[in-house]
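Shown next, in structure tokens, is the structure this report addresses.
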Amino acid sequence: MNKNINFESIIDFYKNSSLEELSKKADSICRENYGNKVFLRGLIEFSNYCKMDCLYCGIRKSNTKVRRYRLTEEEILSTVKMGFNMGFRTFVLQSGEDEFFTTKVMAGIIDKIKNATAGETAITLSCGVRSKSDYKTFKEAGADRYLLRFETSDPILHSYLRNGIPLKSRLRALYALKELGYETGSGYMLGLPGETEKIRIENALLCAKLELDMVGIGPFIPHPDTPLANSKKMPLELTLRATALLRLLLPETNIPATTAAGSLRPDGRERMLAAGANVLMPNLTPSPYRRNYLLYPGKI
Ligand code: SAH
Ligand code: SF4
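Residue numbering for the sequence shown follows the numbering used here, beginning at 2 and increasing consecutively.
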């Protein structure tokens, strides 16, 4: 943790400031570190199969309405090559927890991407909890970064929302990734049912404690084919305040302006950028599949 940063005074400032005041401060810190640059990462959603049943997620195992797909190795590689030619140098490979992609298959894909791009790309994986030995194999094959949100720092809420999976299993995975030398990203959703302002502050403090290289946050958007279909949609302001708080706590971390923010409100991503975010993740998933990776409705 950065010893020069006084977390208590930041939390005080957060509690006593308007969104405008918070954003102004966060934006100036972001500009001090990154100027007016925004980094781009190409997102490839390579499988919507998932063995997990997170209550909030549209592609959860129990949602039988989902048309499941997996990109072939060739499709993944051709998507990377297309993105590379467009100028992308970081790719995020995201999926459900899909055992079809065994340790060997994943390692093969990572290796081929590195070879096809002459080692000029950074590979970020975001495919859920796997064993430490899997993470090690992926790292050795060339993976650089891993994104695994803890979703909420409240252990009781976490177990409920993730259908019995405890918070500590995600934290264990995050510590394993850090030990293996991954640039590690995590994050959470805002506006989950049962979430309080205290939990939101704890979420941000956990990100600081984990000394994350990347923090992905976004509004929870209820999906009609999940057990949380009737939950309330909360205003974007929660996400914007959280973005600014994270920028104050973690001045140098990478914070994407997420798709969920842009799906909740048309100007959601721009507003996250103005509140301290510095990354955009355009979706490169081939269009026939894209509509089936519906974590939440209205996904842009
Ligand atoms: N299976 C992997 C990656 C895919 S899910 C994993 O769970 O880590 C990617 C992210 O989508 C999750 O971390 C979650 O924060 C977000 N997500 C899922 N359902 C959502 C919803 N209804 N609204 C907003 N974000 C959602
Ligand atoms: Fe699977 Fe991730 Fe969705 Fe949970 S959030 S059901 S692990 S895809």
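Idealized CB from N, CA, C, for every residue including glycine.
Owing to the predicted nature of the structure, the values given are computational and were not obtained by experimental measurement.
| Query | Result |
| --- | --- |
| Candidates Asn37, Pro283, Arg146 and Glu196, of which the one nearest His159 by Cα | Glu196 |
| Heavy atom of the ligand SF4 within 7 Å of Glu98 beta-carbon | yes |
| Assigned exposure category for Ile157 - 16 Cβ within 10 Å defines buried | exposed |
| Terminal residues of the beta strand (DSSP E) in which Ala123 lies | Ala123 to Ser127 |
| Between the CA atoms of Phe102 and Gly263 - distance to the nearest angstrom | 30 Å |
| Closer than 7 Å: Ile222 CB and nearest the ligand SAH heavy atom | yes |
| Of the residues Arg270, Thr254 and Pro223, the one placed nearest Gly59, counting alpha carbons only | Pro223 |
| Residues near Ser232 in its chain [Cβ-Cβ closer than 6 Å; skip 5 each side] | Pro194 and Pro223 |
| Contained beta strand (DSSP E) runs [length at least 3] in the region 141-207, N- to C-terminal order | 146-148 and 184-191 |
| Bounding residues of the beta strand (DSSP E) (the contiguous stretch that carries Ser96) | Thr91 to Ser96 |
| Under 8 Å between C-beta atoms of Thr118 and Val81 | yes |
| beta-carbon Ile60 near the ligand SF4 non-hydrogen atom, thresh 7 Å | yes |
| Whole-angstrom distance between Arg42 and Gly120, CA atom to CA atom | 16 Å |
| Alpha carbon of Asn164 to alpha carbon of Ser63, nearest angstrom | 11 Å |
| Gly277, buried or exposed, once every other Cβ within 10 Å from all chains shown has been counted against 16 | buried |
| Boundaries of the beta strand (DSSP E) in which Pro220 is found, first to last residue | Met215 to Pro220 |
| Collapsed DSSP secondary structure at Val67 in the structure displayed | coil |
| Pair within 8 Å by beta-carbon distance, Leu239 and Ala205 | no |
| The region 21-32 touching the region 42-54, judged by at least three CB pairs closer than 8 Å | no |
| Nearest to Phe151 (by Cα), restricted to the options Lys169, Pro267, Asn279 and Asp135 | Lys169 |
| Anticipated Cβ contact below 8 Å, Gly147 with Thr185, distance rounded | For clarity, residue 147 is Tyr in the given sequence; the question names Gly instead. Confirmed, about 6 Å. |
| Endpoints, the beta strand (DSSP E) within which Glu212 is located | Looking at the DSSP string, Glu212 is not in any beta strand (DSSP E), and its letter there is neither H nor E. |
| Separation of Gly219 from Pro236, as counted between CA atoms | 11 Å |
| Own chain residues within Cβ distance below 8 Å of Lys113, not counting five before or after | Glu74 and Leu78 |
| Arg201 beta carbon less than 8 Å from that of Leu241 | no |
| Opposing strand residues paired with Ser48 [DSSP bridges] | Arg71 and Ser96 |
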